[in-house]
Amino acid sequence: MSAASSTLPATATSTAAPTTTRDSDEARAVRSARRRATARFALTRLIQGAFVVWIAVTITFIGLHLAPGDIVDTLLGQDRDDAELRAKVIAEWGLDRPVIVQYFSYLAGILRGNFGTSYTQHKPVLDIFTSQIGATLQLAGAALAIAVVVSLSLSLWLAGRRGTARTVVGSAELAVLSVPSFWLGLILLTVFSFRLHWFPVVGNNGLSSLVLPALAIGIPQGAYLTQVLREDLDGELERPYVLTARSRGASLARTKRVHALRHASLPAVTIGGLIVGGLLGGAAITEEVFGRPGLGHIAVSAVQSQDMPVVLGVAFFASLVFVIASTLVDLAALALDPRLRQARS
1 MSAASSTLPA
11 TATSTAAPTT
21 TRDSDEARAV
31 RSARRRATAR
41 FALTRLIQGA
51 FVVWIAVTIT
61 FIGLHLAPGD
71 IVDTLLGQDR
81 DDAELRAKVI
91 AEWGLDRPVI
101 VQYFSYLAGI
111 LRGNFGTSYT
121 QHKPVLDIFT
131 SQIGATLQLA
141 GAALAIAVVV
151 SLSLSLWLAG
161 RRGTARTVVG
171 SAELAVLSVP
181 SFWLGLILLT
191 VFSFRLHWFP
201 VVGNNGLSSL
211 VLPALAIGIP
221 QGAYLTQVLR
231 EDLDGELERP
241 YVLTARSRGA
251 SLARTKRVHA
261 LRHASLPAVT
271 IGGLIVGGLL
281 GGAAITEEVF
291 GRPGLGHIAV
301 SAVQSQDMPV
311 VLGVAFFASL
321 VFVIASTLVD
331 LAALALDPRL
341 RQARS
């Protein structure tokens, strides 16, 4: 009896050892597959991103050359009839070369980090961007924060509810989304600057001058996010796991915040690329309306003056930001939804 009992632990140990080794091998295989999938994903997004940036720059280049007007006339201004000066400017900026040569020369410059020199400001485009990008990032960041706060607050409040409040907020969302951001900016200026004198009209002088432009961009983006997030929260509140949590005594507010929000936020996260596009487009117009410095203001001025190097630089920067944002959105979606990680593995 004692001999039999003494052999049992050894048998159990010998049986468990291969199982443990097998589990360890499977875990390593899974981790290796995930690393390979992540590497393939990164490589694919890198290639796609480079293609998107190239397409954006190419379309902008073609559009500028097809646009009406003469760049040389814009550069010369009142001296446009001076033939000698005209010839000098054309030679200086290489405008006498074939368009295809100018195109490939510009692409080669981008690869070297040279975006050319502004026709009107006579400064390197990269230096112009460096001096103005801070104001645009500040505005876009503030607008994004407003959009997220508005979306989370309204969605968590109204999801799972029916009544007057939801109807009123839904109507307000449609109204905000139906008007352009510059028109909303003009309304904010009229009410809070001209009449109430709470905020400055134009400029970039501290936090007070940032509030209205950020609201003009952030409110429409927040309304869009709210519609998406609220509808998905409504759907999640009907899932069995939510009903189980409610049956165990969890309040509706806690259920939405703790259980449903993580799953419902995935569709809202996936439209992050569109939100970034809306922020960039809104910044371009809003900086003009509020007289703020930034890349948007530079872009509008460059288009009006046919400053090709600056316009092309803006196209490159905007497309690059969009690609980076889309990649980060995809990574966030993978982090939020394990099923996506398993599918890529």
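Residue numbers for the sequence shown follow the UniProt record's numbering, beginning at 1 and rising by one. Even for Gly, the Cβ is constructed at its ideal location relative to N, Cα and C. Predicted model, so just to flag it, every value in this text is computed and none were measured.
The residue among Ser171, Ala172, Ala216, Glu173 with its C-alpha nearest the C-alpha of valine 191 is Ala216.
Here the C-alpha atom of serine 118 lies approximately 25 Å from the C-alpha atom of valine 323. Inter-residue distance for valine 258 and serine 151 is about 16 Å (C-alpha atoms, whole angstroms). Residue burial annotation: glycine 163 is exposed, with fewer than 16 other C-beta atoms found within 10 angstroms of its C-beta. Taking the Cα positions, aspartate 330 is about 39 Å away from proline 200. Within the same chain, and ignoring the five residues on either side of alanine 172 in sequence, the residues whose Cβ sits closer than 8 Å to its Cβ are Ala223. Boundaries of the alpha helix (DSSP H) harbouring threonine 226: 208-236, taken from the DSSP string. Going by beta carbons, isoleucine 298 and isoleucine 128 fall inside the 8 Å limit. Residue pairing by DSSP places proline 124 opposite Thr117 in a beta bridge.
In this structure the region 131-146 does not touch the region 99-118; the number of beta carbon pairs closer than 8 Å is below three.
One alpha carbon belongs to leucine 207, the other to leucine 139, and they sit about 10 Å apart. Inclusion of alanine 315 and leucine 280 in the CB contact set at 8 Å is not warranted, their separation being larger than that value.
For alanine 165, the uninterrupted alpha helix (DSSP H) run begins and ends at 164-177, by DSSP.
In the three-state reduction of the DSSP assignment, isoleucine 90 falls in the helix class, which pools H, G and I. Here leucine 154 is buried, its C-beta having at least 16 other C-beta atoms within 10 Å. Between histidine 65 and the set Met308, Arg292, Gln221, Leu261, the nearest pair of CA atoms involves Met308. Between the region 263-279 and the region 232-241, the count of Cβ pairs shorter than 8 Å is three or higher; the stretches touch. A direct Cα-to-Cα measurement between glutamine 102 and leucine 95 gives close to 8 Å.
Taken atom to atom, the span from the alpha-carbon of phenylalanine 290 to that of alanine 143 is near 14 Å. DSSP, read as helix, strand or coil, puts aspartate 96 in coil.
Taken through DSSP and simplified to helix, strand or coil, histidine 297 comes out as helix. Following the DSSP letters along the chain, one finds serine 247 inside the alpha helix (DSSP H) bounded by residues 240-247.
Alanine 29 has its alpha-carbon roughly 11 Å from the corresponding atom of arginine 36. Judged by DSSP secondary structure, tryptophan 183 falls within the alpha helix (DSSP H) whose first and last residues are 181-188. Judged by DSSP in its simplified three-state form, glycine 291 adopts coil rather than helix or strand.
In this structure phenylalanine 182 is in contact with threonine 286, their Cβ atoms being roughly 7 Å apart against a cut-off of 8 Å. If you check the CB distance, leucine 212 and leucine 189 come in under 8 Å.
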